[in-house]
Every structure is written in C-alpha cells, then in structure tokens.
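Asker: Input: one structure, supplied below.
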Amino acid sequence: MEDKQSYWSENLRLIFICLAIWFVVSFGFGLLLVEPLNEIRLGGYKLGFWFAQQGSIYTFVGLIFWYGKKMNALDKKYNVEDV
Amino acid sequence: MDELKLYTWIAVGGTFALYFFIAWWARAGSTSEFYAAGGGITPLQNGMAIGADWMSAASFISMAGLIAFLGYGGSVFLMGWTGGYVLLALCLAPYMRKHGKFTVPEFIGDRYYSKTARIVAVVCLIIASLTYIIGQMKGVGVAFSMFLEVEYDMGLYIGMAVVFVYATLGGMKGITYTQIAQYCVLITAYTIPAVFISLQLTGNPIPQLGLGSTLADGSGVYLLDKLDQVVAELGFKEYTTSTLGDVEMFAYTLSLMIGTAGLPHVIMRFFTVPSVKAARQSAGYALVFIALLYTVAPAVGAMARFNLMNTIEPAAGQNLEYSERPQWFKDWEKTGLLKFEDKNGDGKIKYTADKEVNEMVKVDRDIMVLANPAIANLPNWVIALVAAGGLAAALSTAAGLLLAISSAISHDLMKGVLIPGMDEKTELRSSRIVMTISVCVAGYLGLNPPGFAAGTVALAFGLAASSIFPVLMMGIFSKKMNSKAAIAGMCSGIGVTMLYVFQHKGIMFIPGTSFLGGMEPNWFFGISPNAFGSVGAFVNFSVAFIVLKATAPAPSHIQELVNNFRTPHGEVASTHSH
Numbered sequence: 095m096e097d098k099q100s101y102w103s104e105n106l107r108l109i110f111i112c113l114a115i116w117f118v119v120s121f122g123f124g125l126l127l128v129e130p131l132n133e134i135r136l137g138g139y140k141l142g143f144w145f146a147q148q149g150s151i152y153t154f155v156g157l158i159f160w161y162g163k164k165m166n167a168l169d170k171k172y173n174v175e176d177v
Numbered sequence: 205m206d207e208l209k210l211y212t213w214i215a216v217g218g219t220f221a222l223y224f225f226i227a228w229w230a231r232a233g234s235t236s237e238f239y240a241a242g243g244g245i246t247p248l249q250n251g252m253a254i255g256a257d258w259m260s261a262a263s264f265i266s267m268a269g270l271i272a273f274l275g276y277g278g279s280v281f282l283m284g285w286t287g288g289y290v291l292l293a294l295c296l297a298p299y300m301r302k303h304g305k306f307t308v309p310e311f312i313g314d315r316y317y318s319k320t321a322r323i324v325a326v327v328c329l330i331i332a333s334l335t336y337i338i339g340q341m342k343g344v345g346v347a348f349s350m351f352l353e354v355e356y357d358m359g360l361y362i363g364m365a366v367v368f369v370y371a372t373l374g375g376m377k378g379i380t381y382t383q384i385a386q387y388c389v390l391i392t393a394y395t396i397p398a399v400f401i402s403l404q405l406t407g408n409p410i411p412q413l414g415l416g417s418t419l420a421d422g423s424g425v426y427l428l429d430k431l432d433q434v435v436a437e438l439g440f441k442e443y444t445t446s447t448l449g450d451v452e453m454f455a456y457t458l459s460l461m462i463g464t465a466g467l468p469h470v471i472m473r474f475f476t477v478p479s480v481k482a483a484r485q486s487a488g489y490a491l492v493f494i495a496l497l498y499t500v501a502p503a504v505g506a507m508a509r510f511n512l513m514n515t516i517e518p519a520a521g522q523n524l525e526y527s528e529r530p531q532w533f534k535d536w537e538k539t540g541l542l543k544f545e546d547k548n549g550d551g552k553i554k555y556t557a558d559k560e561v562n563e564m565v566k567v568d569r570d571i572m573v574l575a576n577p578a579i580a581n582l583p584n585w586v587i588a589l590v591a592a593g594g595l596a597a598a599l600s601t602a603a604g605l606l607l608a609i610s611s612a613i614s615h616d617l618m619k620g621v622l623i624p625g626m627d628e629k630t631e632l633r634s635s636r637i638v639m640t641i642s643v644c645v646a647g648y649l650g651l652n653p654p655g656f657a658a659g660t661v662a663l664a665f666g667l668a669a670s671s672i673f674p675v676l677m678m679g680i681f682s683k684k685m686n687s688k689a690a691i692a693g694m695c696s697g698i699g700v701t702m703l704y705v706f707q708h709k710g711i712m713f714i715p716g717t718s719f720l721g722g723m724e725p726n727w728f729f730g731i732s733p734n735a736f737g738s739v740g741a742f743v744n745f746s747v748a749f750i751v752l753k754a755t756a757p758a759p760s761h762i763q764e765l766v767n768n769f770r771t772p773h774g775e776v777a778s779t780h781s782h
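Protein sequences, first through last, are from chains P and D.
With our numbering applied, the first sequence covers 95 to 177.
With our numbering applied, the second sequence covers 205 to 782.
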C-alpha cells in the first residue's frame, strides 16, 4: 500500500515536470513571450514564431516519449508492470 | 475525359477498393473486436490509426489555408491540436486503458458509480461527435464535387456508402486497419506537393526547413521576410506577427488542447492496445504521425500565400492581366470560391487589404491546399493524389466518430441501462443497426447542414473540452470526487458553453435568435465562441469542487477502484477479453 502511494507521488512529480515544460514551450514561448523571442532569429524564422509553429510540436513529441520511458523504469522499480 | 480527371478517378477508385478489401479481410466477429479490435493492436499500428482518426478534413484541407491567411494567428490550431496529446498520454490514456472498458461513458459510469453520470456522458459525447461529423460529411461532398465534377449530393452518397461498408462490417477492427491505410494515403498526398513547392521556392526539399530558408531566386532574402514585406505592402498584417489577440489566442489554444484530450473517438482508440505501457507508447507514435503533417502545414500555408501573391502581382505595381489569368484561376472561379470584380475597369487584378479597391472579392481559405499543386504547376498525378488524400482524411475521421456514437448508444444506453441482459450476439447486431442509423443521420446532416457548419469543428472541441475532459481528469486525480459533483460539473460546463455559443450565434444557430449578437464588443473578455471551451472547462472544474465540498466523498470501494487503475499491474476491473 505504501509502495503504491510513493509510486503515485513519483508519477505525479513526473507529470508535473512534463506539464511545466509543455506549458512553457507553447503558452510561454509561443504566446506570452513571443514578442521578445521574435528578436532572436533561427535562420529565416523568428524564434517566437518558430516555437509557435514548429518547436512546441517537436517538444510535445519528445515529452511523451520521455515520460513513457521514465514510467517504464518506475513500473519496474515498484514491480507494478502489467503482464 | 481529360488526363487530370482520369488520374483522379484512378487514385480515388484505387484507394476505395483498398479500403473495401481491408474491411472484408478484418471483419469483426465479436463485440470485443467490434468496440476495441480485440485489444490486440500494436502501439505503432494504433499510433497510425489515431493519426488518421484524428486528422480530419479540417486538418487536411482547411488548416493550412487558415494559417495562410492568419499567419502567426494560425498557430492556435498547430499548438492546440497537438498539445492535447501530451495531456492524453500523461493524464488520461494509461489509466483508462488499465480500467479496461470499451467506451468513455462506461468509464465515467463506473468511476462515478452512477447510471445518470453515464447517460449525461453519452449525451455530451453525442452532441460533440455529431457537431464534428457534419464537417466531415461536408468535406466528402466538397472533395467529390471539386475533383470529379460529381454533384455534391452524389459525392456524399458515395462517401456514406463507403463508410457504411467498412464501419458496420469491421467495427473497430476494420476501422483500425482501414485507418492505417488511410493514414499512408493522406500523409503521402500532403507531403509530396509540399516537398515539390519547397524545392521550387527555396531549393530545400524538407518543407520544415524550407520555411526558414532563403529564396531560391538568388536574392538571398529569407522566404518569411519576403512574405512579411509583400503582404505588408498591400496593407495586410505582417505574416509572422499577425495575432488574434492575446486572451483569445490563449483561450483558443487551451480549448483545442483539452478538447483534443476529451474527444471520445480519440480516447476510445487507447482501449485497442494490449497494455498500459502500449497505451503510453501509442500516444507518442500518434503524435509523431500527426506532427509529420502538422509541421509541414505552416510551410504549406506560407508558401501557398506567397505563390498566390506572386501570381497576382509578380513585382510591386505589376498586376496580372485578368485575361491572362492561369487555368487554376478559371477553374476555381467556376466553383464560386474565387471571385474577381474589376472595380477600376483596368482589366488588371488588384489584391489588397483595402476593401474599397480590392478586386479579389472572394478567396476561400479552403481552396489553398487543394489549389496549391495547380498554382505551383505540379503534374496532374499530384493533384489526383491530393483528392484521394482529402477523402481519406474525411472518411477516416467520420468512421471513428460513427463508432464512438454507435458504441455509446448500443453499449452504454441499450446494454448498460435499458436491456442489461442482452447477449453478445444481439449486442453486436444492434451496434451494427445503430451504426447504420448513425450513417444515415450523418448523411442527412451533411445534405442539410445547419447554417453554422463552417465553424462546427472548433465548436465540437469546445463542447468536449467543457464536458468530458474535466470529469475524466477529476475521476483519475481526485479519489474523493463523487457522482453528484461530477454530474453537476458536466451539466454546467457544457451548459455554459452552449449558452455562450447560442447567445452569440443564435439558438440552435438560427440566425436572428442570438440575443447578444455575434458582435465582438459583447464577447466575454474578448473570447470568441469557438474558444469558449476553456472557460466552460473552468466552470466544470469549479462547480464540481464546490459541490464536492457540500457532499460526502466517493465511497471507499470507488477510492479502491481509483487506486487500482492508477497502477498498471494487477487485475483489470472488467471482463475485457484478450
């Protein structure tokens, strides 16, 4: 029971980290901070514009796989893998 | 018959034959196969199927066009329609898969130990899915009428017949395998023209990089800088900075994200994989397959806008003679989606932001993707491929939605509430009958679209965002959340969203009945009805937690149930067969 509790709180911590990054790249860099970031260039892209139309999507993909990998390790650690 | 039409018939006919073959090969034999493909789909297959299920006519046809004209403002669709997958993969899919049921309302009914909650969820699901499906049926009709010069109605009947065959025959199993094929068709059809156009304009074959490259004309100027300059000279807002307004963009993006995570036809797909691990993985694969289109779309949009501007005004002040307009211009004029009016009578085409002197009186946004290959002078077989791709996108989404609706009715309403003792054979037969009726209703709505059809897809997201997403989140992350609170939350969330939409767009969208008017000054904090789902979701959460304070928390066996689906290991709650 205690094991299950700490498994869940470690999971929540991972979710929190991922969602923080999720928020920062999209709502943060893509929307709220778009103007200052647009001062920086990435080739022909203004950086804020790039985050809004490209960068946030790549980050989302990376986040899901990273979370999946972390959770597989966590499942193993607590011995709760499904069969 | 000209060459283009011949190629188009071959592309469309060939892909349809393929879908039929797959449907016959993967027909469903049990309710488990019909609702959840027997739980035996691999994460990679499921990811591809989700991609097709998810990317509708709106993604394929409309989105790049919207981006072309909104510029930076179009980012709401790009972030909104992909960001939801992070929520799905982290917060919903693994736990709902562990619980192991067939439908979303069934999960809600179990978690909130209440038939009422289940019925309310069914109603929310049907409202959101039906709103969504109208757009797909329209897409099918439009694609047929444009590419094959078949009547709109006839095109719709053909589309209905195709969906009917493979959806009723195969259920989730047939739909899954067909969607895998449809994904391949649609992504090829989307990418090939984009690669060609990127190569022509920038010399870089990868559209994602081409968009950030310099033009191939030797000027050394970046494509986006040139585009900013061209549109600004004509009085339009600068492409890379034109915004919809801060609050609106924030609310719109959020609404699309949580709507994505709350749309039942997408969530259902996670019930088809064999394990919790596979559910997490397939969300990742799904987003990879979706991102392949979504990162190309901004390039398609910007380049289409660039080509359009360049065709009409090759150099500043040198406008195109109307009599010398290219063939694609004439073709789209015939459909009425492109209109020219020679206001100053000089025989030249003038396209500016100033409505008084602008002579391109209509440039429909939806034509950008479809006309793009022709504007860039690509070969006819590419244009034929785009037609097949657009149909694949519309049909695959329609099938997924139909399955969500029919399973909610046959599994949740009929078996779950009305006739609990129904045996499997009868349930399978009744779900096929319900599916048939759903196809007819969808077809009818496609033939007689309510006046609001254009904006319906975004509304469907708002409805899902304000009703289904919050109760699922609370059901998983708050053990104490009880049935009364959840029901109150769902009703008030979807209620307030529908009220807002109705008061600005008319009751049941009938023009003239909107009591506050569609006027922007009356919008709540400047949030448009399309973006209001995020406010609805907030209301849903707030009402639920207030009601929870005043009522007893969920009983202990329910809290135990939540504990159970929070860990991947152990018994599943149901008789989910593998």
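Here a beta-carbon is modelled for each residue, glycine too, at the ideal position from N, C-alpha and C.
All figures in this text were calculated on a predicted structure; none of them were measured in a lab.
Less than 8 Å between the CB atoms is what I'm expecting for Leu282(D) and Pro502(D), so what's the real figure, rounded?
Answerer: As a working note, residue 282(D) is residue 78 in the second sequence. As a working note, residue 502(D) is residue 298 in the second sequence. Rounded, the Cβ-Cβ distance is 6 Å, consistent with contact.
Asker: With 8 Å as the threshold, decide whether the Cβ of Ser100(P) is near any Cβ in chain D.
Answerer: Locating residue 100(P) in the first sequence gives position 6, counting from the first residue. No, no contact with chain D.
Asker: Exposed or buried, Leu752(D), counting other C-beta atoms within 10 Å across all chains shown (16 or more means buried)?
Answerer: Here the question's residue 752(D) lines up with position 548 in the second sequence. Result: buried.
Asker: Counting pairs of Cβ atoms below 8 Å between the stretch 264-271 of chain D and the stretch 565-582 of chain D, do you hit three or more?
Answerer: Result yes; three or more Cβ-Cβ pairs closer than 8 Å.
Asker: Between the Cα of Gly359(D) and those of Phe745(D), Ala756(D) and Gly647(D), spot the shortest distance and give me the residue it belongs to.
Answerer: As a working mapping, residue 359(D) is identified with position 155 in the second sequence. Closest option to Gly359(D), Cα to Cα, is Gly647(D).
Asker: Return the first residue and the last residue of the alpha helix (DSSP H) that Thr235(D) is part of.
Answerer: In the second sequence, residue 235(D) corresponds to position 31, counting from 1. Taken as a continuous stretch (DSSP letters only), the alpha helix (DSSP H) holding Thr235(D) covers Thr235 to Ala240.
Asker: Alpha carbon to alpha carbon, how far is Val470(D) from Ile254(D)?
Answerer: Reading the second sequence from its first residue, position 266 is the one you call residue 470(D). Reading the second sequence from its first residue, position 50 is the one you call residue 254(D). Going from the Cα of Val470(D) to the Cα of Ile254(D) covers about 7 Å.
Asker: I'd like the span of the alpha helix (DSSP H) that includes Phe348(D), first residue to last.
Answerer: On the second sequence, residue 348(D) is found 144 positions in, with the first residue counted as 1. Note, Phe348(D): alpha helix (DSSP H), Lys319 to Phe351.
Asker: Report the residue from Gly142(P), Asp176(P) and Leu168(P) whose alpha carbon sits nearest the alpha carbon of Ser103(P).
Answerer: Reading the first sequence from its first residue, position 9 is the one you call residue 103(P). Ranking Gly142(P), Asp176(P) and Leu168(P) by Cα distance to Ser103(P) puts Leu168(P) first.
Asker: Round the Cβ separation of Met626(D) and Met618(D) to the nearest angstrom and send it over; I've been treating them as touching at under 8 Å.
Answerer: Walking along the second sequence from the start, residue 626(D) turns up at place 422. Walking along the second sequence from the start, residue 618(D) turns up at place 414. Between Met618(D) and Met626(D) the Cβ distance is about 7 Å, and since that is below 8 Å, they are a contact.
Asker: With 7 Å as the C-beta to C-beta threshold (strictly closer), list the residues of the stretch 759-778 of chain D near chain P in chain order.
Answerer: Hits within the stretch, in order: Asn767, Arg770, Thr771, Pro772 and His773.
Asker: On the premise that Leu667(D) lies in contact with Ile698(D), defined as a C-beta separation below 8 Å, what is that separation, rounded to the nearest angstrom?
Answerer: As a working note, residue 698(D) is residue 494 in the second sequence. As a working note, residue 667(D) is residue 463 in the second sequence. Yes, Ile698(D) and Leu667(D) are in contact; Cβ-Cβ is about 6 Å, under 8 Å.
Asker: My parser needs the alpha helix (DSSP H) runs of 4 or more residues fully inside the stretch 597-622 of chain D; what are they?
Answerer: With a minimum length of 4 residues, no continuous alpha helix (DSSP H) run stays inside the stretch 597-622 of chain D.
Asker: What does the Cβ neighbour count give for Ala240(D), buried or exposed, with the cut at 16 atoms within 10 Å?
Answerer: Walking along the second sequence from the start, residue 240(D) turns up at place 36. Buried, since its Cβ has 16 or more Cβ neighbours within 10 Å.
Asker: Could you pull the start and end residues of the alpha helix (DSSP H) that Gly218(D) belongs to?
Answerer: Translated into positions along the second sequence, residue 218(D) becomes position 14. Looking at the DSSP string, the run of the alpha helix (DSSP H) that includes Gly218(D) is Glu207 to Trp229.
Asker: Using 8 Å as the limit for Cβ to Cβ distance, is Glu133(P) near chain D?
Answerer: Position 39 of the first sequence, counted from the first residue, corresponds to residue 133(P). Judged by the 8 Å Cβ criterion, Glu133(P) is not in contact with chain D.
Asker: Can you pull the DSSP bridge partners for Glu525(D)?
Answerer: For the purposes of this step, residue 525(D) is identified with residue 321 of the second sequence, where counting begins at 1. Answer is Lys552(D), bridged to Glu525(D).
Asker: Is it the case that the stretch 492-508 of chain D contacts the stretch 541-552 of chain D, given that we only count it when at least three CB pairs across the two stretches are under 8 Å?
Answerer: Result no; under three Cβ-Cβ pairs closer than 8 Å.
Asker: Would Val174(P) pass as an interface residue toward chain D - the criterion being a Cβ-Cβ separation below 8 Å?
Answerer: Sequence index remark: in the first sequence, residue 174(P) carries index 80 (1-based). With 8 Å as the cut-off, Val174(P) counts as an interface residue toward chain D.
Asker: By the 10 Å Cβ neighbour count, where 16 or more other Cβ atoms means buried, how is Pro298(D) classified, buried or exposed?
Answerer: To locate residue 298(D), count along the second sequence from 1; it is residue 94. Looking at its Cβ environment, which holds 16 or more other Cβ atoms inside 10 Å, Pro298(D) is buried.
Asker: Is it right to say Ser718(D) is buried, meaning 16 or more other beta carbons lie within 10 angstroms of its own, or is it exposed?
Answerer: Counting from one through the second sequence, the residue named residue 718(D) turns up at place 514. The predicted position of Ser718(D) is uncertain, since its pLDDT is 49 and thus under 50; no value can be drawn from it.
Asker: Quick one: which chain P residues come within Cβ less than 7 Å of Ser479(D)?
Answerer: Counting from one through the second sequence, the residue named residue 479(D) turns up at place 275. What Ser479(D) touches in chain P: Asp176.
Asker: Could you name the residues of the same chain whose beta carbon sits closer than 6 Å to that of Asp97(P), not counting the 5 residues immediately before and after it, in chain order?
Answerer: Taking the first sequence and counting its residues from 1, one reaches residue 97(P) at position 3. Tyr172.
Asker: Please report the distance separating the alpha-carbon of Gly721(D) from that of Leu606(D).
Answerer: Looking up residue 721(D) in the second sequence gives position 517. Looking up residue 606(D) in the second sequence gives position 402. The predicted model places Gly721(D) with a pLDDT of 49, which falls under 50 and marks its position as unreliable, so this point remains unresolved.
Asker: Assuming contact is defined by CB atoms lying nearer than 8 Å, are Ala490(D) and Leu291(D) in contact in what I supplied?
Answerer: On the second sequence, position 286 is the one that residue 490(D) refers to. On the second sequence, position 87 is the one that residue 291(D) refers to. No, they are not a contact pair.
Asker: Go through its chain and collect everything with a Cβ distance to Gln404(D)'s Cβ below 8 Å, but skip five positions before and after it.
Answerer: As a position in the second sequence, residue 404(D) is number 200, starting the count at 1. Once the five neighbours on either side are set aside, the close Cβ partners of Gln404(D) are Ala420 and Ala580.
Asker: Taking Cβ-Cβ distances shorter than 8 Å, what residues in chain P pair up with Arg315(D)?
Answerer: Translated into the one-based positions of the second sequence, residue 315(D) becomes position 111. Correct list: empty, because the minimum Cβ distance to chain P is about 16 Å.
Asker: Just the Cα atoms here: how many angstroms apart are Leu113(P) and Ser614(D)?
Answerer: Within the first sequence, numbered from 1, the residue matching residue 113(P) stands at position 19. Within the second sequence, numbered from 1, the residue matching residue 614(D) stands at position 410. Taking the straight line joining both Cα atoms gives about 36 Å.
Asker: Using the Cα positions of Trp532(D) and Lys559(D), report the straight-line distance between them to the nearest angstrom.
Answerer: For the purposes of this step, residue 532(D) is taken as residue 328 along the second sequence, with counting starting at 1. For the purposes of this step, residue 559(D) is taken as residue 355 along the second sequence, with counting starting at 1. Going by the C-alpha atoms only, they are around 24 Å apart.
Asker: Quick one: list the residues of chain D neighbouring Ala146(P), beta-carbon separation under 8 Å, in chain order.
Answerer: Translated into the one-based positions of the first sequence, residue 146(P) becomes position 52. In chain order: Tyr276, Ser279, Leu282 and Met283.
Asker: What distance in whole Å lies between the Cβ atoms of Ile151(P) and Thr286(D), which are believed to be in contact at a cut-off of 8 Å?
Answerer: On the second sequence, residue 286(D) is found 82 positions in, with the first residue counted as 1. On the first sequence, residue 151(P) is found 57 positions in, with the first residue counted as 1. That pair is a contact at about 5 Å.
Asker: May I have the straight-line CA-CA distance separating Ala221(D) from Asp450(D), to the nearest angstrom?
Answerer: To locate residue 221(D), count along the second sequence from 1; it is residue 17. To locate residue 450(D), count along the second sequence from 1; it is residue 246. So the two alpha carbons sit approximately 47 Å from each other.
Asker: What are the residues in the stretch 476-501 of chain D lying within 7 Å of chain P by C-beta distance?
Answerer: Per Cβ criterion, the list reads Ser479, Val480, Lys481, Arg484, Gln485, Ala487, Gly488, Leu491, Val492, Ala495, Tyr498 and Thr499.
Asker: Please report whether the beta-carbon of Gly416(D) lies at a distance below 8 Å from any beta-carbon of chain P.
Answerer: Counting from 1 along the second sequence, the entry for residue 416(D) is found at position 212. Yes - at least one Cβ of chain P is within 8 Å of the one on Gly416(D).
Asker: Any Cβ of chain D within less than 8 Å of the Cβ of Ile111(P)?
Answerer: Locating residue 111(P) in the first sequence gives position 17, where the first residue counts as 1. Cβ-Cβ to chain D under 8 Å: no for Ile111(P).
Asker: Could you tell me whether the Cβ atoms of Arg473(D) and Leu373(D) are closer together than 8 Å?
Answerer: In the second sequence, the residue the question calls residue 473(D) occupies position 269. In the second sequence, the residue the question calls residue 373(D) occupies position 169. The answer is no: Cβ separation not under 8 Å.
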